[in-house]
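Shown next, in structure tokens, is the structure this report addresses.
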Amino acid sequence: MVRNKTGLESTSIESIWSIHDTLFCEEKHGMTPPDWVTPEVMSTLQLLKNFGFQIMFGVYKREEKSRLQGGLLLDQIIRNFSAAASVNPSGPLKMIMYSAHDTTIVALQEALHVFNGVQPPYASCHIFELHQDNESFSVEMFYRNDSSVAEPYPLTLPGCAQRCPLQDFIRLTRSVIPTDWDKECTVNTHSSDTDVIIGLAVCGCVLLLLVMLLFIVLCRQSEPSIGYSHVINQSDDHS
């Protein structure tokens, strides 16, 4: 149905994602949707888009994908915590804000294992708070994704309390922090080159066999056929 209504040549989770995202943004900006976009259609498209989020950031190899996606931002946030806790907690810097996309929030929350599976709406905010109690520090997290609710929702890192000691927070998230992001994201060119060489060798062998087969067929067609042939007798010529 989406393919027929939009003119797309093919549909996939990725293309459905783009369709829903466009309609979602237009709706939030007060634009009138096409006639075929009913509430039921938008509900189904949203379900598929949320499923697309799960495929991109979770489900299969979730921890590895978190290291390469949200783990990079989480690493920077933890560095900010460590710097604030070790240098001068009462210094002039009180807040750091990052402006990003909904996919950035999803990647970060998936790395923290607190993603609720729903696309973050406009103005969503994942909040980290660093608290100091004498010489110890702790981290609290909140998620604001609903303007009708006065307070943001508290988030709890799995394996820790809602107010998580900073060292425990660092320890529990270590597996999704990349040690060398550039190296981990590098494609293994050696294996790719080997696959190409093997593929070319196989294609070359197949092509050689086909040429040899064609040569044999042509040679057989050029040979004189062995069978009955009339031999003219000299006596026949005289008569």
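Heads up: take any position in the sequence shown, counting from 1, add 69, and you land on the numbering used here. Ideal Cβ placement from N, Cα and C applies to all residues, glycine included. It should be emphasised that the depicted structure is a prediction, and the values quoted were computed from it without experimental measurement.
Close beta carbons around residue i, own chain, < 7 Å, minus the five adjacent residues each side
i	result
residue 102	92, 95, 96
residue 308	Note on residue 308: pLDDT 49, under 50, position unreliable in the model; no value is reported.
residue 187	119
Option nearest residue i by Cα separation, candidates the options
i	options	result
residue 242	170, 229, 98	229
residue 215	191, 275, 196	191
residue 197	171, 164, 189	164
residue 72	114, 100, 99, 108	114
residue 133	250, 281, 283	250
residue 203	155, 147, 280	155
residue 182	76, 117, 128, 275	128
residue 237	248, 278, 147	147
residue 152	235, 116, 76	235
residue 82	195, 111, 118, 90	118
residue 170	285, 90, 280	90
Same chain only: Cβ atoms within 6 Å of residue i, ignoring 5 sequence neighbours per side
i	result
residue 176	126, 138, 139
residue 79	none
residue 310	Given that the chain is displayed from residue 70 to residue 308, the structure contains no residue 310 and the question cannot be resolved.
residue 111	none
Cutoff 8 Å: residue i Cβ touching any chain D Cβ
i	result
residue 170	In the structure shown, chain D does not exist; there is a single protein chain.
Rounded straight-line distance, which links the Cα of residue j to that of residue i
i	j	result
residue 70	residue 185	29 Å
residue 265	residue 217	57 Å
residue 172	residue 116	16 Å
residue 135	residue 245	6 Å
Cβ pair residue i, residue j closer than 8 Å
i	j	result
residue 179	residue 131	yes
residue 174	residue 193	yes
residue 232	residue 200	yes
residue 141	residue 247	yes
*Using 8 Å as the Cβ pair cut-off and three pairs as the minimum, do the segment 104-124 and the segment 72-86 touch?*
Taking a contact to require three or more Cβ pairs closer than 8 Å, the segment 104-124 and the segment 72-86 qualify as touching.
_Any 3 or more C-beta pairs closer than 8 Å across the segment 202-211 and the segment 220-236_ = Short answer: they touch.
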